[in-house]
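Taking it in order: structure first as structure tokens, then the write-up.
Residue numbers (this note's numbering): 420 to 749.
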């Protein structure tokens with residue numbers, strides 16, 4: 420499966436380059452029937468440059484002109500910028516094809532604005548659709564990120580309520596740990612991707628908070644290998660796996676154990692979380708077992724949107740253990 424992911428990553432990276440390369444090569448595939456031989460080289464060169472301009476227009480529209488729509492009176496400026504860009508493209512094509520104006524009677528059609536408007540419109544439509552798709556993905560990611568924080572805080576507050584009743588002397592250190600976690604959620608996670616070392620530190624704080632609650636009633640083994648600041652990761656991506664282990668790995672078990680392993684080898688992140696499970700539970704189906712709780716559903720969707728085929732998530736369940744294995748190409 421990971422081999423297929425490598426192939427998909429290669430295809431998704433090279434496909435846009437191949438498409439642009441094909442567009443650039445289109446002039447060289449044309450025969451220019453009726454055109455004087457002495458002008459074919461100039462025509463090839465000029466059409467090649469026109470296609471280069473179209474590629475530039477695609478990216479200028481995607482990352483410069485399109486965002487103008489979000490500002491006040493943005494649509495007016497957006498349409499104005501499109502008109503200006505179109506006029507500049509027509510003007511550039513006019514100067515790029517002087518041979519069409521000098522020899523109108525030798526089998527070469529004179530330049531027409533329509534010859535510039537059609538490819539320009541096509542590129543703008545494709546660019547607009549591309550940005551709509553990217554905005555949709557961005558909006559969903561923002562929703563998922565905003566969803567995971569309240570869900571996490573709800574579980575942490577339940578922990579504090581329990582400790583206030585059973586272990587009031589541990590409230591102060593618990594609140595200190597909670598403040599560190601909140602600082603991470605409110606500030607660090609808003610910066611986009613964070614370093615892997617920061618995410619692992621957050622993971623350790625969460626485990627320490629849970630150990631304050633359960634004490635010697637649970638054993639948590641944390642194994643870290645190769646964790647550095649070299650790689651970045653989406654914030655709050657690893658915590659749902661550990662949170663799920665605490666949620667379902669304690670219950671009716673006499674001696675609950677949770678094993679958490681996070682390691683980096685090459686440019687790959689490997690995470691494995693294993694916890695014991697009670698022999699009798701109330702989940703109605705296998706799919707519900709795997710996707711129980713908003714946290715795991717959320718992280719699955721985030722992985723699909725951000726890392727697409729650059730990740731592998733496997734859930735292995737036996738009669739007594741539940742194991743989540745995650746692999747990400749960093």
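Backbone N, C-alpha and C fix where the C-beta goes; we use that ideal spot for every residue, glycine too.
Query raised in the report: In this structure, what does DSSP give as the bridge partners for residue 743?
Result: 692 and 734
Query raised in the report: Buried or exposed: which applies to residue 700, given that a residue is buried once 16 or more other Cβ atoms fall within 10 Å of its Cβ?
Result: Residue confidence for residue 700 is low, a pLDDT of 49 falling below 50, so the modelled location carries little weight and cannot support an answer.
Query raised in the report: Quick one: what's residue 684 bridged to in DSSP?
Result: 687
Query raised in the report: Would the beta-carbon of residue 652 fall within 9 Å of that of residue 615?
Result: yes
Report task. Assign residue 613 to one of three DSSP states: helix, strand, or coil. Result -> strand
Query raised in the report: Cβ of residue 678 versus every heavy atom of the ligand SAM: is any distance shorter than 8 Å?
Result: Inclusion of the ligand SAM in the displayed structure is not the case, the ligand content being empty and no account of it being possible.
Query raised in the report: DSSP on residue 749, reduced to helix/strand/coil?
Result: coil
Query - Three-state class that DSSP yields for residue 672 in the structure shown - result: coil
Query raised in the report: Measuring CB to CB, does residue 688 end up less than 9 Å from residue 741?
Result: no
**Report entry** Inter-residue Cα distance where the pair is residue 726 and residue 510
**Finding:** Cα to Cα, the separation comes out at about 42 Å.
Query raised in the report: In this structure, what does DSSP give as the bridge partners for residue 679?
Result: 641 and 692
Requested in this report: Determine the burial state of residue 553: buried for a count of at least 16 other Cβ atoms within 10 Å of its Cβ, exposed for fewer.
Outcome: exposed
Report task. Note the first and the last residue of the continuous alpha helix (DSSP H) segment covering residue 655. Result -> Careful: residue 655 lies outside any alpha helix (DSSP H) and carries neither H nor E.
Query raised in the report: Are the beta-carbon atoms of residue 474 and residue 442 separated by less than 9 Å?
Result: yes
Requested in this report: Go ahead and label residue 544 buried or exposed: buried means 16 or more other beta carbons lie within 10 angstroms of its beta carbon, across all protein chains shown.
Outcome: exposed
**Report entry** Straight-line Cα distance separating residue 556 from residue 625
**Finding:** 29 Å
Query raised in the report: Alpha carbon to alpha carbon, how far is residue 748 from residue 683?
Result: 10 Å
Requested in this report: Return the CA-CA distance between residue 660 and residue 745, expressed in angstroms with no decimal places.
Outcome: Residue 660 and residue 745: Cα-Cα distance of roughly 9 Å.
Requested in this report: Using 10 angstroms around the beta-carbon of residue 644, count the other beta-carbons present and answer buried if the total reaches 16, otherwise exposed.
Outcome: Under this definition residue 644 is an exposed residue.
**Report entry** Own chain, CB closer than 7 Å to residue 581, minus 5 neighbours either side, in chain order
**Finding:** Taken in chain order, the residues that qualify are 632.
Requested in this report: Verify whether the separation of the beta carbon atoms of residue 639 and residue 628 is less than 9 Å.
Outcome: No, they are not a contact pair.
Query raised in the report: Thinking C-alpha only, which one of 478, 637, 587 and 546 is nearest residue 673?
Result: 637
Query - Distance, residue 549 Cα to residue 498 Cα - result: 18 Å
**Report entry** Proximity winner among 696, 715, 507 and 718, relative to residue 737 (alpha-carbon distances)
**Finding:** 696
Requested in this report: Could you give the DSSP three-state label for residue 491: helix, strand or coil?
Outcome: coil
Report task. Report yes if the C-beta distance between residue 480 and residue 501 is below 9 Å; otherwise report no. Result -> yes
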